[in-house]
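K.L.:
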Amino acid sequence: MHIEKNFFDNLMNTILNIQGKTKDNLKSRLDLVDICDRSELHVDENGTAPFPIYRLDGAGKEAFFDWITDKVKFPDGYASNLGNCVDRSEGKFTGLKSHDCHVIMQRLLPFAFSALLPRNVHEAVAGISVFFRDLCTRVVTEEGISTLKENVPVSLCNLEKIFPPSFFDVMEHLAIHLARELELGGPVQYRWMYLFERYMHHLKKKIKNLSKVEGSIIAQVINEETSNFAENYFPSEVHTKNRRPARHDDRGEKATYHVTVPSMFSEIGRLSGKPTKRRLTEIEHAHLQTYLLTNCEDVLQYESVYMAELRMTYRHATEEELQQLRHNGFAAWLLNYVTDGLARGFVFDDWICEFVRGPTRSQKLRLASLTKILKILQILKILIRTYVFLVV
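Numbering (UniProt numbering), first residue to last: 1 to 392.
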């Protein structure tokens with residue numbers, strides 16, 4: 001945990017060039033002449049240090065902070081509002097908690113600088129970020145540990161090729177031992193301090209009398225356990241502390257149908273925004289239909305039949321070519337499969353007979369353009385509600 005936090009601080013302070021905290025300063029540049037041959041970082045005759053490839057310029061910082069503030073969204077309670085931690089006047093983050101650094105390190109850094117830094121710098125930063133993300137896996141396997149042991153030296157060497165030697169203190173070198181620690185201690189969520197710090201914060205909020213800290217905690221814990229026990233005897237319509245609606249509950253409604261349908265068509269939610277009605281083109285309709293079919297678990301049995309036929313027909317095709325054929329032809333094949341089956345007397349579920357026909361051509365689009373709909377999973381409920389399931 002602390003190794004990851006220090007790694008993040010060194011990376012971010014150096015990339016953003018935070019005065020007093022960056023590992024890239026004039027003294028470290030002067031040491032490069034004696035330590036390693038990296039002429040692109042050497043101080044010139046006038047005492048000027050060249051601009052390094054691993055540092056963001058002013059425009060890069062603005063783009064990065066705009067992305068953090070406006071584009072990055074997390075589930076409720078997943079992390080702090082990172083936009084409030086951006087100090088644009090100083091060009092740095094302020095007020096980040098350890099868990100916020102943990103989230104940025106593992107979830108944002110693997111792709112945050114892909115368009116802002118050179119490719120080799122981005123890949124080096126993404127490599128160490130992915131290492132820490134894989135280190136925090138919930139399921140530990142021998143193959144996974146072996147992969148971590150092999151990857152961490154490569155990731156550190158890639159960083160050494162880019163950042164100056166002053167970047168690497170004892171914390172950076174300790175990362176080499178984390179895979180072995182995972183092998184001996186098991187999953188990190190039972191050993192790192194995030195869980196215990198969160199519980200300490202929970203207990204700290206229970207202190208009402210600062211002169212009797214332990215007694216206040218004991219009294220509040222007893223009250224909490226009593227209320228948790230007693231709420232089981234209240235009717236289900238009574239909103240207790242653990243059964244009240246979520247903080248951002250939108251009072252969404254569950255769609256109802258005349259026939260039994262898969263769970264993906266029963267999403268609870270409410271559409272928002274002003275709708276724009278237009279008719280889908282042939283390509284758009286095909287893309288939507290393929291997307292829905294390939295993401296419905298109840299259609300997997302038909303998809304496996306189609307893939308088996310493709311492998312028999314195209315024996316020498318690569319896996320990529322087969323996937324492309326599946327993407328282009330699965331929707332039409334399934335429609336013919338169900339239609340021919342019904343003509344021969346086979347029985348299909350009522351919903352599948354309507355599902356294979358695809359969504360209606362006239363759509364009310366909300367929140368995003370059609371291109372973004374294919375990328376945003378949350379908009380899936382807009383598409384699936386365009387089916388009308390009737391009793392055959």
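We put the beta carbon where it would ideally sit given N, CA and C, even for glycine.
Name the two residues that bound the continuous alpha helix (DSSP H) containing T226.
P.N.:
Here residue 226 refers to the residue found at position 226 when the sequence shown is read from its first residue. Looking at the DSSP string, the run of the alpha helix (DSSP H) that includes T226 is V213 to A230.
K.L.:
Mind checking whether I18 and K92 have CB atoms under 9 Å apart?
P.N.:
What you label residue 18 is simply residue 18 of the sequence shown in a count that begins at 1. What you label residue 92 is simply residue 92 of the sequence shown in a count that begins at 1. Against a cut-off of 9 Å, the Cβ pair of K92 and I18 comes out as a contact.
K.L.:
Hey, is the stretch 169-182 in contact with the stretch 135-150, meaning 3+ C-beta pairs nearer than 8 Å?
P.N.:
yes
K.L.:
Can you tell me the Cα-Cα spacing of G60 and R278, whole angstroms?
P.N.:
As a working mapping, residue 60 is identified with position 60 in the sequence shown. As a working mapping, residue 278 is identified with position 278 in the sequence shown. In a straight line, the C-alpha of G60 is about 38 Å away from that of R278.
K.L.:
For a cutoff of 9 Å on Cβ pairs, would you count M193 as touching chain B?
P.N.:
The structure shown has no chain B; it contains just one protein chain.
K.L.:
Rounding to the nearest angstrom, what Cα-Cα distance links D44 and F167 in this structure?
P.N.:
Taking the first residue of the sequence shown as 1, we reach residue 44 at position 44. Taking the first residue of the sequence shown as 1, we reach residue 167 at position 167. Cα-Cα distance, rounded: 21 Å.
K.L.:
Would you list the residues sitting across from F93 in a DSSP beta bridge?
P.N.:
For the purposes of this step, residue 93 is taken as residue 93 along the sequence shown, with counting starting at 1. Answer is V86, bridged to F93.
K.L.:
Under DSSP, the alpha helix (DSSP H) around A343 begins and ends at which residues?
P.N.:
Taking the sequence shown and counting its residues from 1, one reaches residue 343 at position 343. From DSSP, the alpha helix (DSSP H) with A343 extends over E319 to A343.
K.L.:
When you compare each of V125, F131 and Q289 to F111 by their alpha carbons, which one comes out closest?
P.N.:
To locate residue 111, count along the sequence shown from 1; it is residue 111. Taking only the C-alpha atoms, the option nearest F111 is V125.
K.L.:
Can you tell me where the alpha helix (DSSP H) holding M42 begins and where it ends?
P.N.:
Residue 42 sits at position 42 when you count from the first residue of the sequence shown. Note that residue 42 is His in the sequence shown here, rather than Met. No alpha helix (DSSP H) holds H42; DSSP gives it neither H nor E.
K.L.:
Specify the secondary structure class of G77 as computed by DSSP and reduced to three states.
P.N.:
Here residue 77 is taken as the residue at index 77 of the sequence shown, counted from 1. Three-state DSSP puts G77 in coil, outside helix and strand.
K.L.:
Give the secondary structure of M1 by DSSP, where H, G and I count as helix, E and B as strand, and everything else as coil.
P.N.:
Mapped onto the sequence shown, residue 1 falls at position 1. Three-state result, M1: coil.
K.L.:
Do you know whose CA, among Y54, E62, D87 and V103, lies nearest F74's CA?
P.N.:
To locate residue 74, count along the sequence shown from 1; it is residue 74. Answer by Cα proximity: V103.
K.L.:
What are the boundary residues of the alpha helix (DSSP H) that includes F65?
P.N.:
Here the question's residue 65 lines up with position 65 in the sequence shown. Where F65 is concerned, the enclosing alpha helix (DSSP H) stretches over G58 to D66.
K.L.:
Could you give the DSSP three-state label for D70: helix, strand or coil?
P.N.:
Numbered from its first residue, the sequence shown carries residue 70 at position 70. Helix.
K.L.:
Can you tell me the Cα-Cα spacing of F8 and P52, whole angstroms?
P.N.:
Position 8 of the sequence shown, counting from 1, holds the residue named residue 8. Position 52 of the sequence shown, counting from 1, holds the residue named residue 52. Rounded to whole angstroms, F8 to P52 spans 19 Å at the Cα level.
K.L.:
Cutting at 7 Å between CB atoms, please list the residues of its own chain near E4, excluding the five before and the five after it.
P.N.:
The residue given as residue 4 occupies position 4 in the sequence shown. Once the five neighbours on either side are set aside, the close Cβ partners of E4 are H102, M105 and F132.
K.L.:
Give the single residue among E319, P359, T313 and V130 whose Cα lies nearest to the Cα of L335.
P.N.:
Position 335 of the sequence shown, counted from the first residue, corresponds to residue 335. Closest by C-alpha distance to L335, out of E319, P359, T313 and V130, is P359.
K.L.:
Look at F330 and T290 and say whether their C-beta atoms are less than 9 Å apart.
P.N.:
Locating residue 330 in the sequence shown gives position 330, where the first residue counts as 1. Locating residue 290 in the sequence shown gives position 290, where the first residue counts as 1. Cβ atoms of F330 and T290: closer than 9 Å.
K.L.:
Please go through the same chain and pick out, in chain order, the residues whose beta-carbon is closer than 6 Å to the beta-carbon of S369, but skip the five residues on each side of it.
P.N.:
To locate residue 369, count along the sequence shown from 1; it is residue 369. At S369 the pLDDT is 40, less than 50, meaning the model places this residue with poor confidence and gives no usable figure here.
K.L.:
So for E237, helix, strand or coil by DSSP?
P.N.:
The residue labelled residue 237 in the question sits at position 237 within the sequence shown. DSSP places E237 outside both helix and strand once states are collapsed to three, so it counts as coil.
K.L.:
Under 8 Å by Cβ, that's how I've got V121 and I162 pegged, so tell me the actual separation to the nearest angstrom.
P.N.:
In the sequence shown, residue 121 corresponds to position 121, counting from 1. In the sequence shown, residue 162 corresponds to position 162, counting from 1. Distance from V121 to I162 at the Cβ level is roughly 6 Å; contact confirmed, criterion being Cβ atoms closer than 8 Å.
K.L.:
Is the Cβ-Cβ distance between E297 and P262 less than 9 Å?
P.N.:
The count along the sequence shown starts at 1 and reaches residue 297 at position 297. The count along the sequence shown starts at 1 and reaches residue 262 at position 262. Going by C-beta atoms, E297 is nearer than 9 Å to P262.
K.L.:
Give me the Cα-Cα distance between Q301 and L293, rounded to the nearest whole angstrom.
P.N.:
On the sequence shown, position 301 is the one that residue 301 refers to. On the sequence shown, position 293 is the one that residue 293 refers to. Taking the straight line from one Cα to the other gives about 11 Å.
K.L.:
So, helix, strand or coil for N242, using DSSP?
P.N.:
As a first step, residue 242 is located in the sequence shown; it is residue number 242 there, counting from the start. The answer is coil: DSSP assigns N242 none of H, G, I, E or B.
K.L.:
With a 10 Å radius around its C-beta and 16 neighbouring C-beta atoms as the bar for buried, classify T226 as buried or exposed.
P.N.:
Reading the sequence shown from its first residue, position 226 is the one you call residue 226. By the 10 Å Cβ count, T226 comes out exposed.
K.L.:
Spatial neighbours of S80 within its chain, please: CB distance less than 7 Å, with the 5 preceding and 5 following residues excluded, ordered by chain position.
P.N.:
Here residue 80 corresponds to residue number 80 of the sequence shown, with the count starting at 1. Answer for S80: K97 and D100, listed in chain order.
K.L.:
What is the rounded straight-line gap between the Cα of W351 and the Cα of T260?
P.N.:
Start at 1 with the first residue of the sequence shown, and residue 351 comes out as number 351. Start at 1 with the first residue of the sequence shown, and residue 260 comes out as number 260. Their backbone Cα atoms lie some 7 Å apart in a straight line.
K.L.:
Helix, strand or coil for I35? Go by DSSP, reduced to three states.
P.N.:
In the sequence shown, counting from the first residue as 1, residue 35 sits at position 35. The answer is helix: DSSP assigns I35 an H, G or I state.
K.L.:
Can you grab the Cα-Cα spacing for the pair M193 / T137, in whole Å?
P.N.:
What you label residue 193 is simply residue 193 of the sequence shown in a count that begins at 1. What you label residue 137 is simply residue 137 of the sequence shown in a count that begins at 1. Looking at the two C-alpha atoms, the distance is approximately 16 Å.
K.L.:
Short check: CB of residue 406 to CB of F355, under 9 Å?
P.N.:
Residue 406 falls outside the range modelled here, since the chain spans only 1 to 392, and no answer is possible.
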